[in-house]
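Novice: In my numbering, the protein residues as written are 9 to 177. Glycine is no exception: its CB is placed at the ideal position from the N, C-alpha and C atoms.
Below, the structure is given as structure tokens:
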């Protein structure tokens, strides 16, 4: 089992490397920040999210998650998908594009204490804040921030169990 620091680095590298390897960067041909970046909806191609339980999909619209540059990620989650309590080393901005994303703060998922955000809803999560999300129905949301992006689960065994459970379905 990885120690906490090693796990954070591992998860960041896994997500960044697999996004690049699977071609999930919709804007890979235009990362020059001196020029406008346009990504048509038809060019947004979701792929299975590396390091996530089955059902989660992802696309990197801009940036490099391992570098100190701005990034934009889109996630697509099926109904009742849970991302347990975790934190990031930098602020993250979450915008719901469709569906309902339930957001909460704390070390454990507490559906009674979470807030439902529907399309157009926004959450700013400060660096190091323990938070969790879960979807009520099929949900698409966007995460913007400044890299390098790290994700550390408060209880890594909980995340591992969700991945293993999804692999057994």
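Please report the straight-line C-alpha distance between residue 114 and residue 49, rounded to a whole angstrom.
Specialist: As a first step, residue 114 must be located in the chain shown, where it is residue number 106. As a first step, residue 49 must be located in the chain shown, where it is residue number 41. When only Cα atoms are considered, residue 114 and residue 49 end up about 34 angstroms apart.
Novice: Would you give the residue range spanned by the beta strand (DSSP E) that residue 100 belongs to?
Specialist: Counting from 1 along the chain shown, the entry for residue 100 is found at position 92. Segment 100–106, the beta strand (DSSP E) holding residue 100.
Novice: Alpha carbon to alpha carbon, how far is residue 134 from residue 97?
Specialist: If you number the chain shown from 1, residue 134 lands on position 126. If you number the chain shown from 1, residue 97 lands on position 89. When rounded, the distance between both Cα atoms is 9 angstroms.
Novice: Which residues mark the beginning and the end of the alpha helix (DSSP H) in which residue 84 is found?
Specialist: On the chain shown, residue 84 is found 76 positions in, with the first residue counted as 1. Residue 84 -> not in any alpha helix (DSSP H); beta strand (DSSP E) instead, spanning 78–85.
Novice: Taking only the alpha-carbon atoms, compute the straight-line gap between residue 175 and residue 88 and give it to the nearest angstrom.
Specialist: The residue labelled residue 175 in the question sits at position 167 within the chain shown. The residue labelled residue 88 in the question sits at position 80 within the chain shown. Approximately 16 angstroms, taken between the alpha carbons.
Novice: Please name the residue, chosen from 95, 94, 103, that lies closest to residue 80 on a Cα-to-Cα basis.
Specialist: Stepping through the chain shown from its first residue, residue 80 is reached at position 72. The shortest C-alpha separation from residue 80 is found at 103.
Novice: When the Cα of residue 92 is compared with those of 138, 157, 152, 150, which residue comes out closest?
Specialist: What you label residue 92 is simply residue 84 of the chain shown in a count that begins at 1. Nearest C-alpha to residue 92: 138.
Novice: By a C-beta neighbour count over all protein chains shown, 10 Å radius and 16 as the cutoff for buried, is residue 44 buried or exposed?
Specialist: As a first step, residue 44 must be located in the chain shown, where it is residue number 36. Residue 44 should be labelled exposed.
Novice: If you count every other CB in all the chains shown that lies within 10 Å of the CB of residue 85, and 16 or more means buried, which is it?
Specialist: Translated into the one-based positions of the chain shown, residue 85 becomes position 77. Flag for residue 85 reads buried.
Novice: Flag this pair as yes or no: are the beta carbons of residue 170 and residue 61 separated by less than 9 angstroms?
Specialist: The count along the chain shown starts at 1 and reaches residue 170 at position 162. The count along the chain shown starts at 1 and reaches residue 61 at position 53. Their beta carbons are under 9 angstroms apart, which means residue 170 touches residue 61 by this criterion.
Novice: Pick from 42, 123, 117, 155: whose alpha carbon is nearest that of residue 108?
Specialist: If you number the chain shown from 1, residue 108 lands on position 100. Residue 108 has its Cα closest to that of 123, out of 42, 123, 117, 155.
Novice: Based on Cα-Cα distance, which residue from 53, 120, 47, 70 lies nearest to residue 180?
Specialist: Missing from the structure shown is residue 180; the chain here goes from 9 to 177 and no further.
Novice: State the DSSP-derived secondary structure class of residue 174, mapped to helix, strand or coil.
Specialist: Residue 174 sits at position 166 when you count from the first residue of the chain shown. Helix, per DSSP.
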